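These notes concern the structure reproduced below.
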Amino acid sequence: MDDPSELTRTLRTEVGDALRMVAVYEETEFDHLYLRDDLDSQYSRVDLEALRREIIVLGLGREKVDEVTASGSLRRIVYETEDVFAVQTPTDTHTGVFVSFDSSKRTRLFDVIDVIRDRVEVP
Numbered sequence: 719m720d721d722p723s724e725l726t727r728t729l730r731t732e733v734g735d736a737l738r739m740v741a742v743y744e745e746t747e748f749d750h751l752y753l754r755d756d757l758d759s760q761y762s763r764v765d766l767e768a769l770r771r772e773i774i775v776l777g778l779g780r781e782k783v784d785e786v787t788a789s790g791s792l793r794r795i796v797y798e799t800e801d802v803f804a805v806q807t808p809t810d811t812h813t814g815v816f817v818s819f820d821s822s823k824r825t826r827l828f829d830v831i832d833v834i835r836d837r838v839e840v841p
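According to the working numbering, the sequence shown is numbered sequentially starting from 719.
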């Protein structure tokens, strides 16, 4: 990813105030490029570390998905909860990009995916 701040700016343009989090994760780090103000007090450092670990674990399964589906490489994982949509884009075994936004903007899911695809190189 050439310019992480441009990724955040473009995502904010696409989903506005519904953007919750933009993060780049590595095996031992979780770099928040953006965390919406109201969420800053909602998540502790321990919560964010737990999220990083979960994201990595879920991303580790991508190679197995490739093997059993015979449909090409897994590029993204989309999560939907009652209130949130999240898109995880693994870029390597323990690295990638994680973006979440309010489910009120669910119709923008493919716009969000396009923004990530255009700015994050996926092997």
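Ideal Cβ placement from N, Cα and C applies to all residues, glycine included.
Please read all numbers here as calculations on a predicted model, not as lab measurements.
Any heavy atom of the ligand ZN inside 7 Å of the beta-carbon of residue i?
i	result
T726	Absent from the structure shown: the ligand ZN. Ligands present: none.
Is there a C-beta anywhere in chain C that falls below 8 Å from the one on residue i?
i	result
D801	Here chain C cannot be found, since the structure has a single protein chain.
Identify which residue in the options has its Cα closest to the Cα of residue i.
i	options	result
M739	F819, L827, R771, D836	F819
E839	L792, L827, S759, T799	L792
T809	E800, R794, K823	R794
S821	R835, I834, I831, F803	F803
F828	V796, D801, V815, E800	V796
R826	G790, V733, I834	V733
Beta-carbon within less than 8 Å of residue i's beta-carbon, same chain only, minus the 5 sequence neighbours each way: which residues are those?
i	result
L766	F748, H750
I774	Y743, E745, H812
R727	none
L757	R738, M739
V833	L725, T728, L729, E732
Taking all protein chains shown into account, do 16 or more other C-beta atoms lie within 10 angstroms of the C-beta of residue i, making it buried, or fewer, making it exposed?
i	result
Q711	Summary: the structure shown does not reach residue 711, with the chain confined to residues 719 through 841, and so no result is reported for it.
L776	exposed
E741	Position check: residue 741 holds Ala in this sequence, whereas Glu was assumed. Classification of A741: buried, given that the 10 Å Cβ count is 16 or more.
G790	exposed
Could you name the residues of the same chain whose beta carbon sits closer than 7 Å to that of residue i, not counting the 5 residues immediately before and after it, in chain order?
i	result
R824	F803
Q) Mind pulling the beta strand (DSSP E) runs of 3 or more residues that sit fully within the region 756 to 805? A) 795 to 798
Q.
Which runs of the beta strand (DSSP E) at least 3 residues long sit entirely within the region 732 to 756? Give them in chain order.
A. Scanning the region 732 to 756 from its first residue to its last, the whole beta strand (DSSP E) runs of 3-plus residues come out as 737 to 743, 748 to 753.
Q: Just list the beta strand (DSSP E) runs in the region 807 to 835, keeping only unbroken ones of 3 residues or longer that don't cross its boundaries, in chain order.
A: 814 to 820
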